[in-house]
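Chains as they are written, first to last, in the numbering used here: chain A, 2 to 332; chain B, 223 to 540.
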Amino acid sequence: MKPISEAIDPNPKAGSLFQKSGLRFRPSLPRNLWNAVMTTLVAIAAGVAVLPLVLVLAFVLIKGGQLISLKLFTELPPAPGMGGGGIGNAVIGTVLVTGIAALLAVPVGIGGGIYLAEFAQGGRVARALKVFVRFGTNVLSGVPSIICGVFIYALIVKTRLLFGQSYSGIAGGMALAVLMLPTIIKTTDEGLKLVPDELRWGAIGVGASKFTTVMKITLPAAFTPIATGVVLGIARAAGETAPLIFTALFSNYWPWPETILSGDTGLLERLSQLKDPLLNPVASMSVLIFNFASTPYPELQSLAWAASFILVIMILGANLLARWLGRFAAR
Amino acid sequence: MTASVNQQPFRNRRRPLSERMLDQGFRLLVTALACSVGIILLWILRIIVKESLPAIGVFGLSFLTKSAWDPVSNDYGAFTAIYGTLVSSLLALAIAVPLGVGTAIFITENLIPRRISSLLGLMVELLAAIPSVVLGLWAIFVMEPAIRPILTWLHTTLGWLPLFDTEPQGPGMAPAILILVVMILPIITAISRDALQQVPGELRQAAYGIGTTRWGAICHVILPAAISGIMGGVMLSLGRAMGETMAVTMIIGNSNNFSLSLLAPGNTIASMIANQFGEADGSQVSSLMYASLVLMLLTLIVNILAQWIVRKLSLRYQ
């Protein structure tokens with residue numbers, strides 16, 4: 002590959018094969034002009050493609066970064082028109098709702114991936130089931146996120162299925178879980194397929210059952226790609242807004258009453274308050290950005306920028322972590 | 223343990239019942255978990271069809287061609303939103319495909335040192351990770367004010383075209399299209415890059431060997447070989463653009479008045495749902511569900527088409 006690309010290099014360096022060959026490079030030939038024009042065009046395209054990232058990051062880091070302080074994490078959003086305040090409830094809410102989603106989607110997704118990679122062989126039924134699951138995964142990953150929100154709204158919020166509660170943290174988590182599920186199934190399936198079959202044969206050869214083979218041999222061997230996929234899936238879900246606006250809604254208050262830490266109520270009652278955000282509307286950073294960006298109040302708008310800063314740092318951090326994890330394991 | 227193994231004839235050995243039960247149970251469990259994906263998908267369809275039945279009964283197919291949206295007299299039609307969805311996603315695609323494929327070529331075809339190209343690739347992929355609501359915030363406060371002079375210039379010079387015959391006043395179709403471009407560019411670039419990288423090196427070498435230039439090889443050999451992957455990526459990003467909600471909702475202006483002008487506020491199905499669902503009740507909810515059904519079917523068709531194209535167009539190399 003290398004000598005060939007050098008041989009056709011339009012800017013031959015001294016000593017390259019091209020110069021030794023005695024051929025001459027004429028830049029004015031139509032084909033060479035075409036080459037130069039097209040190369041310039043794709044270079045411009047690449048510049049234009051990267052520009053938005055640079056601009057978005059610059060604005061989020063500068064506009065949001067100015068506002069970062071401890072107060073941001075310890076205070077509630079102010080009333081419209083008032084200054085100060087923070088987004089503490091939204092930070093906790095995002096972690097909470099995304100956590101619920103991960104709790105629901107990760108076991109189901111990894112189980113589905115295990116089925117596709119380890120069990121879906123053999124008879125006609127198994128093959129048909131495999132096609133069904135593959136097709137379902139692909140199509141579900143293309144379903145718009147707002148549809149996930151509408152689905153959970155109609156299924157749980159409107160019918161008050163959860164203990165008579167309408168909007169709730171669990172509903173929000175379920176909507177995000179529907180969104181995460183295909184990603185996790187796909188990465189688990191692909192990660193397990195990378196495990197060499199010799200490992201499976203070896204495990205079966207020494208008498209391990211299928212359960213032991215999967216749990217003790219193939220799953221640990223595929224840990225890194227699966228973990229990478231799970232981290233990326235969670236990061237993507239943390240920034241999603243559309244599934245949350247009709248499910249978790251928003252709340253201007255802390256997920257738990259402040260008395261839960263130091264109240265004079267009994268311990269049992271305070272423990273039972275732990276479930277409050279699961280069954281009540283929960284704030285999240287993404288919905289906060291959406292709500293506050295459309296208000297005319299500059300204070301609320303700047304809180305939206307601060308929330309963007311925290312969200313972007315969290316998500317890009319998770320992405321870089323996942324990437325590093327992948328490269329670390331490849332070594 | 224070894225002693226007992228040696229004493230028993232091999233053929234008589236069976237796994238203990240508990241182990242067999244565990245194995246069977248595990249198999250059943252993962253099978254059930256795997257099926258849940260398909261079941262959820264069917265369930266989504268069922269719920270949305272069920273909820274939209276009242277609106278389907280009242281409006282029928284005329285829902286798709288009417289642009290009325292009147293909660294007072296309960297008269298609904300989604301034409302403006304369907305038109306907005308198709309126009310915004312197709313125009314965004316028209317801008318993003320050349321940019322994305324060009325970027326992918328720039329990254330993969332040895333035009334620049336590998337280190338820079340992998341950095342460029344990383345940056346484009348990180349762009350895909352930025353939440354759409356953050357892009358919407360950026361679009362409202364940074365992008366739209368920045369491009370408004372350009373849009374105003376378009377209106378004053380090309381205002382005789384119906385596409386530009388309204389004065390830009392902030393949110394509108396054009397900024398929404400641009401933010402959609404930003405959102406789907408990383409998808410197209412990443413998938414095109416993968417497709418280009420999978421073209422076997424022998425094809426390149428053969429092309430160079432018979433004396434073509436770099437761009438001769440790209441246009442006549444490498445791109446045709448990678449076309450299935452690229453087309454699949456384009457279709458996937460079309461599906462993504464049609465379903466994209468937050469950034470578009472924040473910048474499109476959410477108007478149900480039909481206008482051909484790209485500078486006027488408009489609507490997409492997704493932005494209409496996001497914007498009205500919270501306050502809707504009665505037949506409006508049902509109409510929004512009907513609109514969701516239309517959106518779901520549109521993206522379903524596009525995604526299935528994407529998979530079909532990849533399978534149909536892919537050339538096989540040994």
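For each residue, glycine too, the CB sits at the ideal point set by N, CA and C.
Cutoff 8 angstroms; reference residue i; Cβ partners in own chain excluding five residues on either side
i	result
A:G89	L73, F74, T75, E76, L77 and W255
A:G85	K72, E76, P79 and E300
B:N525	M457, L458 and G461
A:T296	P81 and Q302
B:L527	M457
A:A222	V196 and L200
B:R337	none
Chain B contact for residue i (CB, 7 angstroms cutoff)
i	result
A:M2	Reliability of the predicted coordinates at A:M2 is poor, the pLDDT of 44 falling under 50, and no value is obtained from them.
A:M181	no
A:K72	no
A:P145	yes
A:Y298	no
A:A116	Here residue 116 of chain A turns out to be Tyr, not Ala, going by the sequence shown. With 7 angstroms as the cut-off, A:Y116 counts as an interface residue toward chain B.
A:T138	yes
A:L54	yes
A:L141	yes
A:V57	yes
A:I316	yes
Sequence-distant residues of the same chain with beta carbon closer than 6 angstroms to residue i, five excluded per side
i	result
A:I111	T189
B:R184	Only positions 223 to 540 of chain B appear in this structure, which leaves residue 184 of chain B out of reach.
A:G192	A223, P226 and I227
A:F291	T242
Enclosing alpha helix (DSSP H) for residue i [first to last residue]
i	result
B:E273	L239 to F281
A:T219	That residue, A:T219, is in no alpha helix (DSSP H); it is neither H nor E in DSSP.
A:D277	D277 to L280
B:P397	M395 to Q419
A:T95	G89 to I115
B:D387	No alpha helix (DSSP H) holds B:D387; DSSP gives it neither H nor E.
A:R128	R125 to G143
A:A284	Counting along the chain, A:A284 falls outside any alpha helix (DSSP H), and DSSP gives it neither H nor E.
B:M365	Here B:M365 belongs to no alpha helix (DSSP H), and DSSP marks it neither H nor E.
B:N525	S505 to L535
A:E191	G170 to K194
Cβ of residue i within 7 angstroms of any chain A Cβ
i	result
B:W382	no
B:G324	yes
B:D245	yes
B:T224	Residue confidence is low: B:T224 scores 48 on pLDDT, short of 50, so the model does not pin down where it sits. Its coordinate-derived value is still stated next. Answer no: the Cβ-Cβ gap between B:T224 and chain A never drops below 7 angstroms.
B:F499	yes
B:G473	Before going further, note that residue 473 of chain B is Ile rather than Gly in the sequence given. It does not; no Cβ of chain A falls within 7 angstroms.
B:S514	yes
B:A492	yes
B:L359	yes
B:L407	yes
B:A496	yes
B:V227	Because B:V227 carries a pLDDT of 49, less than 50, the predicted location of this residue cannot be relied on, and the following value inherits that uncertainty. Not one chain A Cβ lies under 7 angstroms of B:V227.
Cβ shell of residue i (< 7 angstroms), same chain only, five flanking positions each side left out
i	result
A:M2	Residue confidence for A:M2 is low, a pLDDT of 44 falling below 50, so the modelled location carries little weight; the figure read from the coordinates is stated next. Closer than 7 angstroms at the Cβ level, and outside the excluded window around A:M2, lies no residue.
B:I278	Y512
B:T521	G461, M464 and G465
B:N296	S505
B:L312	none
A:V109	L182
beta-carbon residue i near the ligand SAM non-hydrogen atom, thresh 6 angstroms
i	result
B:E241	Absent from the structure shown: the ligand SAM. Ligands present: none.
Note down, in chain order, all residues in the region 519-536 of chain B with a beta-carbon under 9 angstroms from any beta-carbon belonging to chain A.
T521, L522, V524, N525, I526, A528 and Q529
Quick test of the definition: if touching needs 3 or more C-beta pairs under 8 angstroms, does the region 224-240 of chain A touch the region 313-326 of chain A?
yes
Can at least three beta-carbon pairs, one atom from the region 182-189 of chain A and one from the region 241-257 of chain A, be found at a separation below 8 angstroms?
no
Quick one: which residues of the region 249-266 of chain B get their C-beta closer than 7 angstroms to a C-beta of chain A? List them in chain order.
R249, L251, V252, T253, L255, A256, C257, S258, V259, G260, I262, L263 and I266
For the region 241-256 of chain B against the region 198-212 of chain A, do three or more pairs of beta-carbon atoms, one drawn from each stretch, fall closer than 8 angstroms, so that the two count as touching?
yes
Quick test of the definition: if touching needs 3 or more C-beta pairs under 8 angstroms, does the region 277-288 of chain B touch the region 430-438 of chain B?
no
Going along the region 422-447 of chain B in order, which residues come within less than 9 angstroms of chain A, judged by CB to CB distance?
G423, R426, Q427, Y430, G431, G433, T434, T435, R436, W437, G438, A439, I440 and C441
Just by C-beta distance, which residues in the region 147-159 of chain A are closer than 7 angstroms to chain B?
I147, I148, V151, F152, A155 and L156
If you measure beta-carbon to beta-carbon, which residues of the region 458-470 of chain B are closer than 9 angstroms to chain A?
L458, G461, R462, M464, G465, E466, T467 and M468
If the cut-off is 7 angstroms on Cβ atoms, which residues from the region 338-353 of chain B count as contacting chain A, listed in chain order?
L342, M345, V346, L348, L349, A351, I352 and P353
Name the residues in the region 211-243 of chain A whose C-beta lies less than 9 angstroms from a C-beta of chain B; which are they?
K211, F212, T213, V215, M216, L233, A236, R237, A239, G240, E241, T242 and A243
Should the region 484-493 of chain B be regarded as contacting the region 342-350 of chain B, the criterion being three or more beta carbon pairs within less than 8 angstroms?
no
So if I threshold CB-CB distances at 8 angstroms, which residues from the region 273-304 of chain B count as touching chain A?
E273
Taking a Cβ distance cut-off of 7 angstroms, strictly less, list which residues of the region 35-50 of chain A are near chain B, in chain order.
W35, N36, M39, T40, L42, V43, A44, A46, A47, V49 and A50
Counting pairs of beta carbons, one from the region 370-378 of chain B and one from the region 446-457 of chain B, are three or more of them closer than 8 angstroms?
no
Could you tell me whether the region 302-309 of chain B touches the region 472-491 of chain B, where touching means 3 or more Cβ pairs closer than 8 angstroms?
yes
Does the region 379-392 of chain B touch the region 403-410 of chain B, meaning 3 or more C-beta pairs lie closer than 8 angstroms?
no
Could you check whether the region 274-293 of chain A touches the region 165-180 of chain A, counting it as contact only if at least three pairs of C-beta atoms, one from each stretch, sit closer than 8 angstroms?
yes
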